[in-house]
Amino acid sequence: TGGKPPGRRGGAPRLSSDSLKGRVFEANLADLNKDEDQAFRKMYLECEEVQGMYCLTNFYGMSFTTDKLRSLVRKWQSLIEAHMDVKTTDGYVLRLFCIGFTRKRPNQLKKTCYATAAQIKAIRGKMREVMVRESSTVELKELVNKFIPEVIGKEVEKACQGIFPLQNVFVRKAKILRKPKFDMVKLLEIHGDVGAEDTGKMIDGSEKVDPLGVGKKVEVDDDEGPAKKAVVGDN
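The numbering of the sequence shown is this note's numbering, which starts it at 5 and goes up by one.
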């Protein structure tokens, strides 16, 4: 019995840029921002367009590294998690995962600081409420900028102060569920002037720099005669 040969046969030729579109790249935020304090965040960027040698990417998701999450979990405290689907003003639907931990009250002598089931339920409600409030009034770009200084986590701590004091509140994970129709103009606005090549600057035609790089500059006559003199540069 015969089978189909492997590989593509026939049809229009496939462009190399088509194979790049839709790819998701994982990058550490410490490498992107050159800040080692942000090494526990992993950012996922999806390639949406290819222009020359540049891949124009957009936010696809964010998560914490495993070692960061493990370092937050300790004994004698309650771990509280909540997730919520939110929609930004520019049409992106994301699922945000929030995590927080209880902490001791001021001047507390008791070793443990466990929250009751009713308190945990109330804290989860506050987490969802804050995530929706902070996400539904901004665009995706502004929402991603809120993840880095942990604006949402600080708002959750404030909102839950009357229920139970919290610590280490983070949006530990975010992923895009649905996105609007692709808009090239909006993508270029995010990236600014990416792809603009450095064409250099104009130089005076009366001076020519020695191509060997020995620091000598040669002054040339206006007519096509030989050079008058050589000026040795400072060494």
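Every residue, glycine too, gets a C-beta built ideally from N, C-alpha and C.
Let's test the definition: count the other Cβ atoms within 10 Å of the Cβ of residue i and tell me whether it reaches 16, buried, or not, exposed.
i           : result
residue 63  : buried
residue 40  : exposed
residue 118 : exposed
residue 78  : exposed
residue 189 : exposed
residue 18  : exposed
residue 139 : buried
residue 134 : buried
residue 141 : exposed
residue 151 : buried
residue 168 : buried
residue 93  : exposed
residue 222 : Any reading at residue 222 must be qualified, since the residue scores a pLDDT of 46, below 50, and its modelled position is unreliable; no value is offered.
residue 52  : buried
residue 181 : exposed
residue 98  : buried
Helix, strand or coil, according to DSSP, for residue i in the structure here?
i           : result
residue 180 : strand
residue 65  : strand
residue 88  : strand
residue 25  : coil
residue 234 : In this prediction, residue 234 has a pLDDT of 47, which is less than 50 and means its spatial position is unreliable; what the coordinates show is noted afterwards. Three-state DSSP puts residue 234 in a strand.
residue 95  : coil
residue 53  : strand
residue 165 : coil
residue 18  : coil
Give me whichever residues DSSP pairs with residue i in a beta bridge.
i           : result
residue 152 : DSSP output for residue 152 lists no bridge partner at all.
residue 31  : 47
residue 103 : 85 and 174
residue 60  : 53
Candidates the options: which alpha carbon is nearest residue i's?
i           : options               : result
residue 193 : 67, 137 and 144       : 144
residue 67  : 131, 101, 137 and 166 : 101
residue 170 : 155, 183, 149 and 103 : 103
residue 82  : 181, 155, 32 and 123  : 123
residue 106 : 120, 97, 98 and 96    : 120
residue 154 : 166, 42, 36 and 55    : 42
residue 109 : 165, 30 and 26        : 165
residue 131 : 146, 90 and 111       : 90
residue 137 : 163, 113 and 115      : 163
residue 32  : 69, 93 and 112        : 69
residue 147 : 29, 96, 37 and 187    : 96
Nearest chain D C-beta to residue i closer than 8 Å, yes or no?
i           : result
residue 102 : You won't find chain D in this structure, because it holds only one protein chain.
Can residue i be considered in contact with the ligand SAM, in the sense that its beta carbon sits closer than 7 Å to one or more heavy atoms?
i           : result
residue 124 : This structure lacks the ligand SAM; in fact it carries no ligand of any kind.
**contact_flag[the segment 109 to 127, the segment 171 to 190] where n(CB pairs < 8 Å) is 3 or more** = The segment 109 to 127 is not in contact with the segment 171 to 190.
**Request:** Pair every Cβ in the segment 83 to 92 with every Cβ in the segment 52 to 63, then say whether three or more of these pairs are closer than 8 Å.
**Result:** The segment 83 to 92, when compared against the segment 52 to 63, does not touch it at the 8 Å Cβ threshold.
**Asked** With contact counted as at least three CB pairs below 8 Å, one residue from each stretch, are the segment 156 to 163 and the segment 40 to 51 in contact?
**Response** As far as the Cβ criterion goes, the segment 156 to 163 does not touch the segment 40 to 51, which means the pair count is below three.
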